[in-house]
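**Q**
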Amino acid sequence: MKLRFEVDGDEFVLAGEASSKLKKVLMQLGISSQLIRKIAIAMYEAEINMVIHANGGFIDAEITPDKVFVSLSDTGPGIPDIELAMKEGYSTASDKVRELGFGAGMGLPNMKRYTDDMKVTSEVGKGTTVELTVFIS
Amino acid sequence: MKVRELMDQLELFLVAGASGVDKEVKTAYMGDMLSWVMANAQQNSAWITIQSHINIVAVASLLNLSCIIVAEGASVDEDTVEKANEEGMPIFSSDLNSYRLAVKMAELGIA
Ligand SMILES: Nc1ncnc2c1ncn2[C@@H]1O[C@H](COP(=O)(O)OP(=O)(O)OP(=O)(O)O)[C@@H](O)[C@H]1O
Ligand SMILES: [Mg+2]
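Here the protein sequences come in this chain order: A and B. Numbered by this note's numbering, the letters in the first sequence go through residues 404 to 540 in order. Numbered by this note's numbering, the letters in the second sequence go through residues 24 to 134 in order.
1. Figure out for me which residue from B/A62, B/W59, B/E110, B/I71 has the closest Cα to the Cα of B/D118.
2. Consider the C-beta atom of B/I71 and the heavy atoms of ligand 2; say whether any pair is separated by less than 7 Å.
3. Residues of chain A with CB under 7 Å from B/S84, in chain order?
4. Could you please give the first and the last residue of the uninterrupted alpha helix (DSSP H) stretch that includes A/T467?
5. Can you give me the C-alpha to C-alpha distance between A/R516 and B/N63, rounded to a whole angstrom?
6. Where does B/D53 sit, in a helix, a strand or coil, going by DSSP?
7. Out of A/E465, A/I485, A/V537, A/E450, which has the shortest C-alpha to C-alpha gap to A/V523?
8. Find the residues of chain A that neighbour B/M56, judging by a C-beta separation of less than 7 Å, and give them in chain order.
9. Below 8 Å, how does it come out for the region 79-87 of chain B and the region 407-419 of chain A: are there three or more Cβ pairs, yes or no?
10. My assumption, with CB atoms under 8 Å, is that A/G530 sits in contact with B/Q74. Please give the rounded CB distance.
11. Step through the CB atoms of chain B and report whether any lies within less than 8 Å of the CB of A/G419.
12. When the Cα atoms are used, what is the spatial distance from B/M53 to B/V93?
13. Which one of A/A445, A/D469, A/S494, A/A496 has the shortest CA to CA distance from A/L475?
14. Just the chain B side, please: which residues come within less than 8 Å of A/F444 by C-beta, in chain order?
15. Between the Cα of A/E526 and the Cα atoms of A/G481, A/L432, A/A496, which residue gives the shortest distance?
16. For ligand 2, is there a heavy atom less than 7 Å away from the beta-carbon of B/F36?
17. Only counting the same chain, and skipping five residues up and downstream in sequence, which positions put a Cβ closer than 6 Å to that of B/S89?
18. With DSSP as the reference, label B/D118 as helix, strand or coil.
19. With distances taken between CB atoms, is the gap from A/N458 to A/G492 smaller than 8 Å?
20. Looking at chain B, which residues of the region 428-458 of chain A have a Cβ within less than 8 Å of any of its Cβ atoms?
21. If the criterion is Cβ atoms closer than 8 Å, does the pair B/A125 and B/I114 meet it?
22. Which residues of the region 509-531 of chain A have a Cβ closer than 9 Å to any Cβ of chain B? Give them in chain order.
Here you go:
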């Protein structure tokens, strides 16, 4: 099963909507709540990053009997140093965004922790793609 | 304990998500940085926070939390209320601070 979501970069209010929708689909498919939790956490972090650090984009999700694969692509500023961005606590979030509770620098580490595979590709000035895989066993 | 019992015992003011008050509360989590909550809050937790914007509803729903308690009398945005009603995620407000709320919950036996 393939699903596509558009993420509006200006709509802070809608951030998390795609993750909520995918979660509902996975529940209907009878995927275990533990797996759904992992996917929901990782995808939400990536989705919110698309809104806060980039200006939205597209999410493609693919559900097969053995895994859930989610690819999130934005056309934002890109990440100059991915290794640095992956470090716990590293964040470039503005004070305004921090007041809302974002900017702990835990999003990318959470994605890594809660998925079986995570790949980040980014080009400065072009955008970022995050690919998340959770195996169903 | 049910969310509604917690509401009565802690004298919480129900702001939204009334349809979810029969959910079970097993434990609690306290935090205002959303990524920390994402990483660490267990399902069926009551979540104590001072954040009150719409994203708290997505976080709570995705994690299957039982309810959100907004501490220190912070006011809850109208779109947050709407979203919580949609999701059946109870949001309460309290004039107490997070620590006081946590102490009271511990006294009620919530581990
Ligand atoms: N899609 C993206 N586009 C551009 N930069 C990004 C993107 N995702 C992450 N980054 C960069 O990587 C940093 C670390 O991201 P991470 O999600 O770990 O933390 P954060 O978003 O700053 O805070 P938190 O996720 O804890 O709220 C960000 O501060 C930002 O500089
Ligand atoms: Mg983030």
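Positions of the beta carbon are idealized from the N, C-alpha and C atoms, including for glycine.
**A** In terms of the structure at hand:
1. Mapped onto the second sequence, residue 118 of chain B falls at position 95. Cα-wise, what sits closest to B/D118 is B/I71.
2. Looking up residue 71 of chain B in the second sequence gives position 48. No; taking the cut-off as 7 Å, the Cβ of B/I71 has no heavy atom of ligand 2 nearer than that.
3. Counting from one through the second sequence, the residue named residue 84 of chain B turns up at place 61. Per Cβ cutoff of 7 Å: S423.
4. Start at 1 with the first residue of the first sequence, and residue 467 of chain A comes out as number 64. Segment: none, A/T467 is in no alpha helix (DSSP H) and carries neither H nor E.
5. Position 113 of the first sequence, counted from the first residue, corresponds to residue 516 of chain A. Position 40 of the second sequence, counted from the first residue, corresponds to residue 63 of chain B. If you take the alpha carbons of A/R516 and B/N63, they lie about 11 Å apart.
6. Here residue 53 of chain B refers to the residue found at position 30 of the second sequence. Checking the sequence shown, residue 53 of chain B turns out to be Met, not Asp. In this structure, B/M53 counts as strand in the three-state DSSP scheme.
7. Translated into positions along the first sequence, residue 523 of chain A becomes position 120. Looking at the Cα atoms, A/I485 is the closest of the given residues.
8. For the purposes of this step, residue 56 of chain B is taken as residue 33 along the second sequence, with counting starting at 1. Neighbours of B/M56 on chain A, chain order: G504, A507.
9. yes
10. Reading the first sequence from its first residue, position 127 is the one you call residue 530 of chain A. Reading the second sequence from its first residue, position 51 is the one you call residue 74 of chain B. At roughly 29 Å, the Cβ-Cβ gap does not stay under 8 Å, so A/G530 and B/Q74 are not in contact.
11. Position 16 of the first sequence, counted from the first residue, corresponds to residue 419 of chain A. At least one chain B Cβ lies under 8 Å of A/G419.
12. Reading the second sequence from its first residue, position 30 is the one you call residue 53 of chain B. Reading the second sequence from its first residue, position 70 is the one you call residue 93 of chain B. Computed Cα separation, rounded: 10 Å.
13. Sequence index remark: in the first sequence, residue 475 of chain A carries index 72 (1-based). Nearest C-alpha to A/L475: A/A445.
14. Taking the first sequence and counting its residues from 1, the one referred to as residue 444 of chain A is at position 41. This sequence places Ile at residue 444 of chain A; Phe is not what is there. By Cβ distance, chain B contributes M61, A62, L85, L86.
15. Sequence index remark: in the first sequence, residue 526 of chain A carries index 123 (1-based). Of the listed residues, the one whose Cα sits closest to A/E526 is A/G481.
16. In the second sequence, counting from the first residue as 1, residue 36 of chain B sits at position 13. No, the beta carbon of B/F36 sits no closer than 7 Å to any heavy atom of ligand 2.
17. Here residue 89 of chain B corresponds to residue number 66 of the second sequence, with the count starting at 1. These residues qualify, in order along the chain: V26, K46, V48, N67, A69.
18. One-based indexing of the second sequence puts residue 118 of chain B at position 95. Three-state DSSP puts B/D118 in coil, outside helix and strand.
19. Locating residue 458 of chain A in the first sequence gives position 55, counting from the first residue. Locating residue 492 of chain A in the first sequence gives position 89, counting from the first residue. It is not a contact, given that the beta carbons lie outside the stated cut-off.
20. S436, R440, A443, I444, Y447, E448, I451
21. Within the second sequence, the letter at position 102 stands for residue 125 of chain B. Within the second sequence, the letter at position 91 stands for residue 114 of chain B. Contact: no.
22. M509, G510, P512, N513, R516, Y517
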